[in-house]
Amino acid sequence: MNLLAMIQPKKKEPDKESKGPDFWIETFNNVSRLYKFQADGRLSVKVVDESRPVIHKMVESFLNKFFPSGYPYSVSEGYLRYTQFRALQHLTSAALSVLSTQSLLFAAGLRPTPAQATAVSWILKDGMQHVGKLICSNMGARMDSEPKSWRILADVLYDLGTGLEVLSPLCPQLFLEMAGLGNFAKGMAVVAARATRLPIYSSFAKEGNLSDLFAKGEAISTLFNVVGLGVGIQLASTVCSSMQGKLLVGPLLSVLHIYSVAEEIRAAPVNTLNPQRTAMVVADFLKTGNVSSPADLRYREDLLFPERVIEDAGRVKVGRALRKVVKPSKFNELREMFPEEKFLISRGSKWTDMVLEHSATGEDALRGWLVAGYAAEMEKSGHGLSDVVLQEAYVKMDKLFPSFLSELKIKGWHTDRFLDGTGSRFAL
1 MNLLAMIQPK KKEPDKESKG PDFWIETFNN VSRLYKFQAD GRLSVKVVDE SRPVIHKMVE
61 SFLNKFFPSG YPYSVSEGYL RYTQFRALQH LTSAALSVLS TQSLLFAAGL RPTPAQATAV
121 SWILKDGMQH VGKLICSNMG ARMDSEPKSW RILADVLYDL GTGLEVLSPL CPQLFLEMAG
181 LGNFAKGMAV VAARATRLPI YSSFAKEGNL SDLFAKGEAI STLFNVVGLG VGIQLASTVC
241 SSMQGKLLVG PLLSVLHIYS VAEEIRAAPV NTLNPQRTAM VVADFLKTGN VSSPADLRYR
301 EDLLFPERVI EDAGRVKVGR ALRKVVKPSK FNELREMFPE EKFLISRGSK WTDMVLEHSA
361 TGEDALRGWL VAGYAAEMEK SGHGLSDVVL QEAYVKMDKL FPSFLSELKI KGWHTDRFLD
421 GTGSRFAL
């Protein structure tokens, strides 16, 4: 062979067109999935290996169906505890409803046939319940201000109504009165529970996912209502088939029900400003220089006496009628003390009254509260006359307020409104 021919470079054959794989397997969280392109170009996915324990699969499926997408990162702190006690609340409530319905039917001298049960339900619930709903609907502003307290009151009313229904067989001659009052209380409970639901859900929403939170919360409620009905039916046919059994089990279920509601509600970090939360924020700021978040305050709120006066925040009372706070001759004097502000402050021997203008926001309430708090601190230190102290307190507040407000917003507080319920305001 010619040496020249041997060393002559061979012509390079054109590259054949490389083809990518028709399928591949990906493994994530111990789950292997086969991805494959079909003849029509569509991508199909098939699980080929699932090595997770069955319990993990069940938990994941439950979370996907009953918790918001992205949980736990898409909700505020305390949502799991809120949901746990909400489930227990609905379970006990549904069980109680079965016992009360059974008692109502027996007290009316009826056997629990569907037609008769429907008649009793229409006469009592659609009658007296509507009256209770109408009366309670006038208290919406108070529910906005104190949704936690009203939510607990709703379930106390519900249990009161249920208790009257359970006891109705003991007084058959007063059947209509007891059953009517019971459904009247339950009607009020329904309105209060529904009206306070949105503020509670809103406190957990972190990523604009309020609708998802609401839907999943109602799914939890429905699930445990069904479970509770099953428990109630079992109790009604066994332990609670007699009145003695109902008198024993009913109070136990009611106590567990109210406890669940209280724990559920306390877990919610409500981030709107009302008198109590505003006073607590101001008190913490005056004592430590730090701004507390809604989650910091949730377990410190007084749900039984929300209108209590907090000494460390200047012992401020807000919302009293202007005529009870200020004499007409002194109104202009108080108004001229802070002419640019939307609040009036009148200091007394036991507490400080603050009255807001109709257009006042949460920021205005905070400014007035800080003035009262600083003034109380200065008076304890022996700083001269009341009017002079108020002026000095105002100067101090005005200097620190921008940084205070900025920190409030960072912590998640809504300062654009102040929810004082049915508190009195003034207009010029």
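Counted from 1, the sequence shown has number 260 at position 260 by full-length UniProt numbering; the numbering is strictly sequential.
Every residue, glycine too, gets a C-beta built ideally from N, C-alpha and C.
Predicted, not measured: the structure shown is a model, and the values here were computed from it.
- The three-state reading of DSSP puts residue 196 in coil, since its state is none of H, G, I, E or B.
- Under the 8 Å Cβ criterion, the segment 147-157 counts as touching the segment 261-269, having at least three qualifying pairs.
- Note that the segment 228-245 touches the segment 88-103; at least 3 beta-carbon pairs, one per stretch, sit closer than 8 Å.
- Taking a C-beta distance under 8 Å as the contact criterion, residue 107 and residue 184 do not qualify as a contact pair.
- Rounded to whole angstroms, the gap between the alpha carbons of residue 256 and residue 54 is 32 Å.
- Taking all protein chains in view, the Cβ of residue 427 is surrounded by fewer than 16 other Cβ atoms within 10 Å, so the residue is classified as exposed.
- Comparing alpha carbon positions, the residue from 374, 182, 285, 346 closest to residue 161 is 182.
- Assignment of residue 46 by DSSP, reduced to helix, strand and coil, places it in the strand class.
- For residue 286, the uninterrupted alpha helix (DSSP H) run begins and ends at 275-288, by DSSP.
- The C-alpha of residue 64 is placed about 9 Å away from the C-alpha of residue 70.
- Residue 80 has its alpha-carbon roughly 15 Å from the corresponding atom of residue 298.
- Distances from the alpha-carbon of residue 105 to those of 85, 56, 170, 134 put 170 closest.
- About 5 Å separates the Cβ atoms of residue 143 and residue 195, confirming a contact at the 8 Å cut-off.
- The C-beta separation of residue 341 from residue 368 comes to about 7 Å, placing the pair in contact by the 8 Å criterion.
- In the DSSP assignment, residue 220 falls outside any beta strand (DSSP E) and lies within the alpha helix (DSSP H) extending over 210-237.
- Excluding its 5 nearest sequence neighbours in each direction, residue 101 has no C-beta neighbour in its own chain below 6 Å.
- Along the length of the UniProt domain "Root UVB sensitive protein C-terminal" (293-419), whole beta strand (DSSP E) runs at least 3 residues long occupy 316-318, 343-347, 352-357, 414-418, reported in chain order.
- The beta carbon of residue 240 sits closer than 6 Å to the beta carbons of 99, 246, 249 from its chain, once the five residues preceding and following it are set aside; these are given in chain order.
- Excluding the 5 residues flanking it on each side, residue 280 has same chain C-beta neighbours closer than 8 Å at 292, 297, 300, 301, 310, 313, in chain order.
- Note that the C-beta distance between residue 237 and residue 166 is not below 8 Å.
- Residue pairing by DSSP places residue 425 opposite 356 in a beta bridge.
- Shown here, residue 206 sits in coil according to DSSP, grouped into three states, outside any helix or strand.
- Taken atom to atom, the span from the alpha-carbon of residue 191 to that of residue 93 is near 16 Å.
- A straight line joining the alpha-carbon of residue 276 with that of residue 308 spans about 8 Å.
- The Cβ atoms of residue 180 and residue 133 do not sit closer than 8 Å to each other.
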